[in-house]
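Residue 173 in full-length UniProt numbering is what sits at position 173 of the sequence shown, and the numbering runs on without skipping anything. Ideal Cβ placement from N, Cα and C applies to all residues, glycine included. Everything numeric in this text was worked out from a predicted model, so none of it was measured.
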Amino acid sequence: MAKVTRDDVARLAGTSTAVVSYVINNGPRPVAPATRERVLAAIKELGYRPDRVAQAMASRRTDLIGLIVPDARQPFFAEMAHAVEWAASERGKMVLVGNSDYVGEREVHYLRAFLGMRVSGLILVSHALNDMAAAEIEAWDARVVLLHERPEAIDDVAVVTDDLGGAQLAVRHLLEHGYEYVACMGGTAETPSVGDPVSDHVEGWKRAMKEAGISTEGRLFEAPYNRYDAYRVGLELLSGPQRPPAIFCSTDDQAIGLLRAARELRIDVPGELAVAGFDDIKEADLADPPLTTVASDRSAMAREAVDLVLDDGLRVAGSRRERLKVFPSRLVVRQSCGCE
């Protein structure tokens with residue numbers, strides 16, 4: 001069977017190939033509703049499939065959005081990537097995902113690969129964007145939106161959560177239960193001090209403790225973000241002579257690892273230890289006990305990031321939208337903090 005072409009669609013719809021193109025590409029010129037319906041009916045009847053490669057060559061841009069995350073195996077980033085994919089599909093785009101594994105060279109690798117594919121734009125969840133990656137973005141003059149994190153190396157539009165305020169909410173809530181103090185499971189020595197959510201979570205913990213007139217000295221513990229390493233840190237922390245009465249974890253993954261350590265050591269949560277996390281991943285509600293945590297609207301954040309990266313005026317001086325979009329945090333109270 002001969003391949004159906006745009007000319008075939010135009011003949012059946014009784015219009016020009018240019019009008020067919022405007023319908024398929026949603027522009028650049030408007031098409032009357034009745035004409036659009038004829039074109040769509042002709043496309044359906046003939047089973048026409050646009051040649052996306054040819055379209056990309058003509059426009060020098062594909063229907064793809066590049067998304068780079070630190071580690072899609074971690075539930076938070078998996079849920080964020082899924083939300084971005086849904087938002088992109090609503091705009092007729094597909095998403096390519098690359099994992100940087102918290103390694104700057106891998107981040108640069110995916111930047112070059114995606115930009116070389118002429119993606120419509122890049123959404124970047126960068127743990128610590130290095131100068132090389134920032135230079136790559138500048139050289140390509142790429143459309144970039146930062147999501148979740150805002151590294152110092154690049155001053156681009158960012159969509160983030162109120163991480164500092166959310167952490168304060170969680171720590172204040174724990175202190176209101178009457179615990180003598182709240183310890184904090186933060187990041188590691190490699191955690192950036194600026195633009196990183198975990199740094200803001202630690203700062204929010206410090207502020208809430210200071211408001212309550214409680215010292216933080218010796219009460220901040222380093223731990224990787226994932227549950228497996230946090231579990232090992234938790235075993236050591238909870239086995240020590242100075243076991244905290246309550247712990248705020250910078251991520252839910254850390255908190256889930258800590259809960260596993262407490263269970264192995266037969267420490268009752270929340271009877272002997274209160275725990276709160278940050279992110280409200282789906283597993284937080286299934287934890288044992290269910291985890292008190294801080295949530296933000298990831299779906300709305302993903303939709304905002306996609307809309308921003310596809311906005312033709314994004315990089316045009318004088319017509320840029322807000323450079324920093326901060327979504328509010330909210331406390332999700334469950335049983336791990338001591339609430340019934």
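Distance between Glu90 and Gly47 (C-alpha atoms, nearest Å)
As a first step, residue 47 must be located in the sequence shown, where it is residue number 47. As a first step, residue 90 must be located in the sequence shown, where it is residue number 90. The straight-line gap from Cα to Cα measures roughly 22 Å.
If you pair each beta-carbon of the stretch 65–73 with each one of the stretch 96–113, do three or more pairs fall below 8 Å?
These segments touch.
Could you tell me if Cys337 is buried or exposed, where buried requires 16 or more neighbouring beta carbons within 10 angstroms of its beta carbon?
As a first step, residue 337 is located in the sequence shown; it is residue number 337 there, counting from the start. With 16 or more Cβ atoms within 10 Å of its Cβ, Cys337 is classed as buried.
Is the stretch 271–279 touching the stretch 157–177 in the sense that three or more CB pairs, one from each, lie closer than 8 Å?
yes
Quick check: Ser250 and Gly186, are their CB atoms within less than 8 Å of each other?
For this step, residue 250 is matched to residue 250 along the sequence shown. For this step, residue 186 is matched to residue 186 along the sequence shown. The Cβ atoms of Ser250 and Gly186 lie closer than 8 Å to each other.
For Ile256, I'd like the list of residues in its chain whose CB is within less than 6 Å of its CB, leaving aside the five on either flank, ordered along the chain.
Here residue 256 refers to the residue found at position 256 when the sequence shown is read from its first residue. Cβ neighbours of Ile256 beyond the five flanking positions: Arg227 and Ala287.
Measure the Cβ-Cβ separation of Glu252 and Leu291 and say whether it is below 8 Å.
The residue labelled residue 252 in the question sits at position 252 within the sequence shown. The residue labelled residue 291 in the question sits at position 291 within the sequence shown. One detail in the question is off: residue 252 reads as Asp in this sequence, not Glu. Taking 8 Å as the Cβ cut-off, Asp252 and Leu291 qualify as a contacting pair.
Answer with buried or exposed for Val45, where buried requires no fewer than 16 other C-beta atoms within 10 angstroms of its C-beta.
Mapped onto the sequence shown, residue 45 falls at position 45. Position check: residue 45 holds Glu in this sequence, whereas Val was assumed. That one is exposed.
Where does Asn25 sit, in a helix, a strand or coil, going by DSSP?
Within the sequence shown, numbered from 1, the residue matching residue 25 stands at position 25. In this structure, Asn25 counts as helix in the three-state DSSP scheme.
Do you know offhand how far Met150's Cα is from Pro33's?
Taking the first residue of the sequence shown as position 1, residue 150 is located at position 150. Taking the first residue of the sequence shown as position 1, residue 33 is located at position 33. Note that residue 150 corresponds to Arg in the displayed sequence, not to Met. Each residue's Cα considered, the two are about 43 Å apart.
Excluding the 5 residues preceding and the 5 following Ala42 in the sequence, name in chain order all residues of the same chain whose CB lies nearer than 6 Å to its CB.
Counting from one through the sequence shown, the residue named residue 42 turns up at place 42. Excluding sequence neighbours, Ala42 sits near Val9, Leu12 and Ala13.
Candidates Gly166, Ile123, Leu235 and Glu236: which alpha carbon is nearest Val202's?
For this step, residue 202 is matched to residue 202 along the sequence shown. Ranking the options by Cα distance to Val202, first place goes to Gly166.
Per DSSP, which one or two residues make a beta bridge with Asn99?
One-based indexing of the sequence shown puts residue 99 at position 99. Partner(s): Val69.
Would DSSP call Ile281 helix, strand or coil?
If you number the sequence shown from 1, residue 281 lands on position 281. Here Ile281 sits in coil by DSSP.
Simplified DSSP state of Met80, which is helix, strand or coil:
As a position in the sequence shown, residue 80 is number 80, starting the count at 1. Helix.
If you measure between the beta carbons of Val182 and Leu174, is that distance less than 8 Å?
For the purposes of this step, residue 182 is taken as the residue at position 182 of the sequence shown. For the purposes of this step, residue 174 is taken as the residue at position 174 of the sequence shown. Against a cut-off of 8 Å, the Cβ pair of Leu174 and Val182 comes out as a contact.
Residue closest to Phe327, alpha-carbon to alpha-carbon, out of Asp297, Tyr102 and Arg106:
Position 327 of the sequence shown, counting from 1, holds the residue named residue 327. Taking only the C-alpha atoms, the option nearest Phe327 is Asp297.
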